[in-house]
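Since the structure comes first, as structure tokens, the remarks are kept for the end.
2 protein chains.
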Amino acid sequence: MLDDVDVHILDLLQTETRLSNLELSQRVNLSAPATHARVKRLEQEGYIDSYTAILNQEKLGYDLLCTVFMSTSIHQTQEINELERHLSAMPEVMECYCMTGSFDYMLKTIHRSRKELEAFIRELNQLGVSQLQTSIVLREVKSSTVLPLRK
Amino acid sequence: MLDDVDVHILDLLQTETRLSNLELSQRVNLSAPATHARVKRLEQEGYIDSYTAILNQEKLGYDLLCTVFMSTSIHQTQEINELERHLSAMPEVMECYCMTGSFDYMLKTIHRSRKELEAFIRELNQLGVSQLQTSIVLREVKSSTVLPLRK
DNA sequence: GCTGAAAACGAATATTATTCGGGAGGGAAA
DNA sequence: TTTCCCTCCCGAATAATATTCGTTTTCAGC
């Protein structure tokens, strides 16, 4: 279980990840070793999934962010698994969710150009897709990975 | 501009962020100081937006991931800005995009319970929203922040 | 209050980042 | 071709930081 200090640590880690262990320990009013042990425990117990660097999409030439809603014509578990493995392996697919609503899946995809987007959609169509509805992101208003721990 | 080594560094940083600078330098066949200087430059020039810890939603009690499509009845720039500032400030809103398609915005939101989701939707409805369509994520097939640099 | 387990502390050590001086490589001008 | 200059690299030295360790404190259960 998590106490208040654990939650404080998690919250600092997800917003100010680059804090040194020493600074972190000062923020939560604990010694450096105690703080360090807690962080290790939180990693160990799976509260922290991963650490990552968020790169700038625009600067790296990825101008085209899309959402794709799709349904599939296949229904057998094995084929579904196969389809999902395919989707997961596609590097353009950043997120893939199985959803309620009129489509089976929603994808968030990223592309360098319309040309690449078109190639991607063509690739999707070869995977047993029955319906496809693609929308393009015009502007990013907010993009965060931060869970609202302090609410 | 970026050379091959820069791209290699960025790719390692977004997948194996916890590599020490020494290990990183060995992976890209450069000395530690040279690698370090490159990373600093990449941060400085904005190729790296941020570093973050990805927390485990489920373990922290956030079972409900949703997509919300919404349109607004307001059209004046100032009011739109106001609306977007509101949306950005809501901690449940993890992502917010202005989109093509039949709705103005798409949100990705996260909640602890149906109760909280309901409260959130009620809050949204007080912001000048004309249409709202909420779907719930049944299963996460893939969730990544990694750009396909090596493609 | 007493006891034992869990967790914290400070000091010592090990790792790692960071700085620095110097040198190699490569393009431009004579 | 030679010289100059700029950029970028390297290894060694230093500074900062993480990590380990033995001891002390804290606190729940009796």
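Taken in sequence, the protein lines are chains A and B. Going letter by letter, the first sequence gives residues 2 to 152 in my numbering. Going letter by letter, the second sequence gives residues 2 to 152 in my numbering. Note that the Cβ used here is the ideal one computed from N, Cα and C, for glycine as well. Note that the coordinates shown come from a computational prediction; the quantities given were computed from them, not determined experimentally.
**Prompt:** Between B:Glu124, B:Lys116, B:Thr68, which lies nearest to Cys97 of chain B when the distance is taken from Cα to Cα?
**Reply:** Closest by alpha carbon: B:Thr68.
**Prompt:** Per DSSP, what kind of secondary structure is Thr18 of chain B in: helix, strand or coil?
**Reply:** Of the three classes helix, strand and coil, the one that applies to Thr18 of chain B here is coil, per DSSP.
**Message:** Does chain A have any CB closer than 7 Å to the CB of Cys99 of chain B?
**Reply:** Yes, Cys99 of chain B counts as interfacial toward chain A.
**Asked** If we call anything under 7 Å between Cβ atoms a contact, is Thr73 of chain B one with Glu93 of chain B?
**Response** Judged by their CB atoms, Thr73 of chain B and Glu93 of chain B are not nearer to each other than the 7 Å cut-off.
**Request:** Assuming Arg113 of chain A and Gly62 of chain A form a contact by the criterion Cβ under 8 Å, report the distance between their Cβ atoms to the nearest whole angstrom.
**Result:** Yes, they are in contact, since the Cβ atoms of Arg113 of chain A and Gly62 of chain A sit about 5 Å apart, within 8 Å.
**Option in A:Ile49, A:Thr36, A:Glu119, A:Thr18 with minimal Cα separation from Ile55 of chain A** = Ranked by Cα distance from Ile55 of chain A, the first of A:Ile49, A:Thr36, A:Glu119, A:Thr18 is A:Thr18.
**Request:** Look up Phe70 of chain B in the DSSP assignment and give the residues it is bridged to.
**Result:** Bridge partners of Phe70 of chain B: B:Met107, B:Gln134.
**Prompt:** So, does the CB of Met95 of chain A fall closer than 7 Å to a CB anywhere in chain B?
**Reply:** Interface residue, yes.
**Asked** Who are the Cβ neighbours of His37 of chain B in its own chain at under 7 Å, not counting the five residues just before and after it?
**Response** Within the same chain, His37 of chain B has close Cβ partners Asn22.
**Message:** Between which residues of its own chain and Leu118 of chain B is the CB-CB distance below 6 Å, once the five residues before and five after are set aside?
**Reply:** Sequence-distant Cβ neighbours of Leu118 of chain B in its own chain, meaning closer than 6 Å and more than five residues away, are Leu65, His112.
**Message:** I'd like to know if Asp50 of chain B contacts chain A, where contact means its C-beta is closer than 7 Å to some C-beta of that chain.
**Reply:** Yes - at least one Cβ of chain A is within 7 Å of the one on Asp50 of chain B.
**Item:** the region 76-89 of chain A contacting the region 134-148 of chain B, beta-carbon criterion three pairs below 8 Å
**Value:** A contact exists between the region 76-89 of chain A and the region 134-148 of chain B.
**Request:** Please report the residue range of the alpha helix (DSSP H) in which Ser89 of chain A lies.
**Result:** Bounds of the alpha helix (DSSP H) holding Ser89 of chain A are 78-90.
**Asked** Whose Cβ in chain B lies nearer than 8 Å to the Cβ of Leu31 of chain A?
**Response** Chain order gives no chain B residues near Leu31 of chain A, where near means a beta carbon separation below 8 Å; the closest approach is about 18 Å.
**Beta-carbon proximity list for Ser26 of chain B, same chain, < 8 Å, skipping 5 on both sides** = By the criterion of a C-beta distance shorter than 8 Å, Ser26 of chain B is surrounded in its chain by Ser32, Ala33, Ala35, Thr36, His37, once the five residues flanking it on both sides are discounted.
**Request:** Give me the Cα-Cα distance between His9 of chain B and Gln77 of chain B, rounded to the nearest whole angstrom.
**Result:** So the two alpha carbons sit approximately 45 Å from each other.
**Message:** Please report the straight-line C-alpha distance between Glu59 of chain B and Ser51 of chain A, rounded to a whole angstrom.
**Reply:** When the Cα atoms are used, Glu59 of chain B and Ser51 of chain A turn out to be separated by approximately 14 Å.
**Prompt:** Applying a beta-carbon distance threshold of less than 8 Å, which residues of chain A neighbour Asn57 of chain B?
**Reply:** Correct list: Gly47, Tyr48, Ile49, Asp50.
**Request:** In the DSSP assignment, find the unbroken alpha helix (DSSP H) run with Leu118 of chain B in it and report its ends.
**Result:** Judged by DSSP secondary structure, Leu118 of chain B falls within the alpha helix (DSSP H) whose first and last residues are 115-126.
**Message:** So, with DSSP's three-state summary, where would you put Leu56 of chain B?
**Reply:** In the structure shown, Leu56 of chain B adopts extended strand secondary structure according to DSSP, grouped into three states.
**Beta-carbon proximity of Thr101 of chain A to Ile137 of chain B, cut-off 7 Å** = Annotated as proximal: Thr101 of chain A and Ile137 of chain B, with beta-carbon spacing under 7 Å.
**Message:** For a test of the three-state rule: what should DSSP assign to Glu46 of chain B, helix, strand or coil?
**Reply:** Assignment of Glu46 of chain B by DSSP, reduced to helix, strand and coil, places it in the coil class.
**Item:** Among B:Gln127, B:Leu3, B:Phe70, nearest to Gln134 of chain B - alpha-carbon criterion
**Value:** Nearest option by C-alpha distance: B:Phe70.
**Request:** Name, please, each residue of chain B whose Cβ falls closer than 9 Å to the Cβ of Gln132 of chain A.
**Result:** What Gln132 of chain A touches in chain B: nothing, since even the nearest Cβ is about 15 Å away.
**Asked** Are the C-beta of Lys41 of chain A and some C-beta of chain B separated by less than 7 Å?
**Response** It does not: the Cβ of Lys41 of chain A has no partner Cβ on chain B nearer than 7 Å.
**Message:** For Leu43 of chain B and Thr53 of chain A, what's the separation of their Cα atoms in angstroms?
**Reply:** Their Cα atoms are separated by approximately 15 Å.
**Item:** Proximity to Val130 of chain B [Cα-Cα], best of B:Ala120, B:Asp105, B:Leu148
**Value:** Minimum Cα distance to Val130 of chain B is reached at B:Asp105.
**Message:** For Thr16 of chain B, which residues in the same chain have their Cβ closer than 7 Å to its Cβ, ignoring the five residues on either side in sequence?
**Reply:** Apart from sequence neighbours up to five positions away, the residues of its chain that approach Thr16 of chain B with a beta-carbon distance below 7 Å are Val147, ordered along the chain.
**Between the CA atoms of Asn57 of chain B and Val168 of chain B - distance to the nearest angstrom** = Only positions 2 to 152 of chain B appear in the structure, and residue 168 of chain B is not among them; the question remains open.
**Beta-carbon proximity list for Ile81 of chain A, same chain, < 7 Å, skipping 5 on both sides** = In the same chain as Ile81 of chain A, and ignoring 5 residues on each side of it, the C-beta atoms closer than 7 Å to its own belong to Ile75, in chain order.
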